[in-house]
Amino acid sequence: MLLAFDTSSAAVTVALADPVSGEIAASSTTVDALRHGELLAPAIAAALATASCRVEDLTRIAVGVGPGPFTGLRVGLVTARTMGDVLGIEVAGVCSLDILARQSALALPVAVATDARRKEIYWALYDGPAADGSRRRLEGPAVDRPADVAHVLSGLPVIGRGAVLYAEALGTDATDVIEYPSADVLATGVATGTLPVVAPDPLYLRRPDVTVAGGPKSVLPK
1 MLLAFDTSSA AVTVALADPV SGEIAASSTT VDALRHGELL APAIAAALAT ASCRVEDLTR
61 IAVGVGPGPF TGLRVGLVTA RTMGDVLGIE VAGVCSLDIL ARQSALALPV AVATDARRKE
121 IYWALYDGPA ADGSRRRLEG PAVDRPADVA HVLSGLPVIG RGAVLYAEAL GTDATDVIEY
181 PSADVLATGV ATGTLPVVAP DPLYLRRPDV TVAGGPKSVL PK
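All residue numbers for the sequence shown refer to full-length UniProt numbering, where the first residue is 1 and numbers rise by one.
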């Protein structure tokens, strides 16, 4: 079985699928930006139980590599790499923006914009869907302030949480917008080869908020 999950956004999304057909056997999604570490392992266990599958039955793991905030993204990637090492199976990374683009049913080019915090968005542009539903990334991923890239995204349907948070700055219609990556789409896309696979390395695009402290400061007068 193929296990897929993504923790690059506020959502913790998990799915189990047939490794060839991509047919989904179990899935769940919980939106909670502060509890990735608490939610991921139980969600994986629940999916395995629902599908009557043992961990030893897994043959491949697919994981979203971001871009995304440091802490949440790290939870998913460390879990995927650890499971892959223990089980001796492949871990396939997928750009989380690619997952969102693949979720769109529109027969048009689309833009993806997710929440990068600090009043910024992670974004990318995609071509219209091919016959198999795959989309070619034309530009990005990148991180910018919404107002600075509004002209780049102008005229395109915009998918992702960023389209909701910054609808005014981007000039987009936030009605019925797909906000978060889906592990169902990730699993099916990897199984069928309609999502491009990369190494399971985090795509941060900028330095983490937390940094190593410097040396002690002198209290002596200069």
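Just so you know, even glycine gets a beta-carbon here, dropped at the ideal spot from N, CA and C.
Fair warning: this is a prediction, and the values are worked out from it, not measured in the lab.
Helix, strand or coil for residue i? Go by DSSP, reduced to three states.
| i | result |
| --- | --- |
| residue 101 | helix |
| residue 125 | strand |
| residue 131 | coil |
| residue 116 | strand |
| residue 136 | coil |
| residue 200 | coil |
| residue 141 | strand |
| residue 227 | A question about residue 227 goes unanswered here, because the residues of the chain that appear run from 1 up to 222. |
| residue 155 | coil |
| residue 87 | helix |
| residue 160 | coil |
Should residue i be labelled buried (16 or more other beta-carbon atoms within 10 Å of its own) or exposed?
| i | result |
| --- | --- |
| residue 203 | buried |
| residue 55 | exposed |
| residue 57 | exposed |
| residue 86 | exposed |
| residue 32 | exposed |
| residue 88 | exposed |
Given a cut-off of 7 Å, decide if residue j and residue i are closer than it, judged by their beta-carbon atoms.
| i | j | result |
| --- | --- | --- |
| residue 160 | residue 205 | no |
| residue 141 | residue 124 | yes |
| residue 96 | residue 8 | yes |
| residue 152 | residue 120 | no |
| residue 26 | residue 50 | yes |
Do the region 183-192 and the region 14-34 meet, that is, are 3 or more Cβ pairs less than 8 Å apart? yes
Would you say the region 159-175 touches the region 96-114, given that touching needs at least three Cβ pairs under 8 Å? yes
Counting Cβ pairs closer than 8 Å, one from the region 35-52 and one from the region 168-175, do we hit at least three? no
Given 8 Å as the limit, is there contact between the region 192-202 and the region 61-80, that is, 3 or more CB pairs closer than that? yes
Which parts of the region 3-87 are runs of the alpha helix (DSSP H), unbroken and 4 residues or longer, counting only runs that do not cross its ends? 36-50, 70-87
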